[in-house]
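A.B. asks: I'd like to ask you about the structure that follows.
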Amino acid sequence: MAISRLNGLVLWQGKGNEESHCLSLSAKELSTFVDKSQTFTNANAGERDPPVVLRYVNLLDASHNRIKAVNGMIDMVPSVWWASLKHNFLTTSSTLAALPTALGALDLSNNPITSDALHVLTHMHILRLY
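My numbering applies: residue -12 is where the sequence shown begins, and numbers increase by one.
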């Protein structure tokens, strides 16, 4: 995902010394996050874009997509504190194991997660789980 493709997705940013941003990826037909090690081809120029790291994004809304894996989420948004992943296709424990180990809020509602997969969440610090 090139930086130019992120225009309009950062909904707000903090004022003054606050370095926080909200990134909305809701209903963008995403199927996965990107591993930091990957690069992307620019369709117009045939060039490779560097991986995107959004270190000041604290709120992430990736709801209403087709996300099956969250691999790369920590690399893309390492400071995320609130994450909405509702209405996606997250199912397995290996998928959930790639989530950050500490979150203020995590919304996994309306995902076909198996009850066996939820045991991974016991090793995480999540203040609010939906």
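For glycine and all other residues, C-beta sits at the position ideal for the given N, C-alpha and C.
1. What distance in whole Å lies between the Cβ atoms of S50 and S13, which are believed to be in contact at a cut-off of 8 Å?
2. Where DSSP assigns a beta bridge to I113, which residues make up the other side?
3. Residues in the same chain with beta-carbon distance under 6 Å from V64, minus the five sequence neighbours each way, listed in chain order, please.
4. Can you tell me the Cα-Cα spacing of K15 and K73, whole angstroms?
5. Note down the Cα distance separating T82 from V107, rounded to an integer number of angstroms.
6. Looking at C-alpha atoms only, which residue of I61, G91, C9 and N97 is the closest neighbour of H112?
7. Indicate whether D103 and S80 have their beta-carbon atoms separated by less than 8 Å.
8. In angstroms with no decimal places, state the Cα-to-Cα distance between Q25 and S66.
C.D. replies: On the basis of the supplied data:
1. 5 Å
2. L90
3. L41, V44 and L47
4. 13 Å
5. 10 Å
6. G91
7. yes
8. A caution first: Q25 carries a pLDDT of 47, below 50, which makes its placement in the model too unreliable to give a value.
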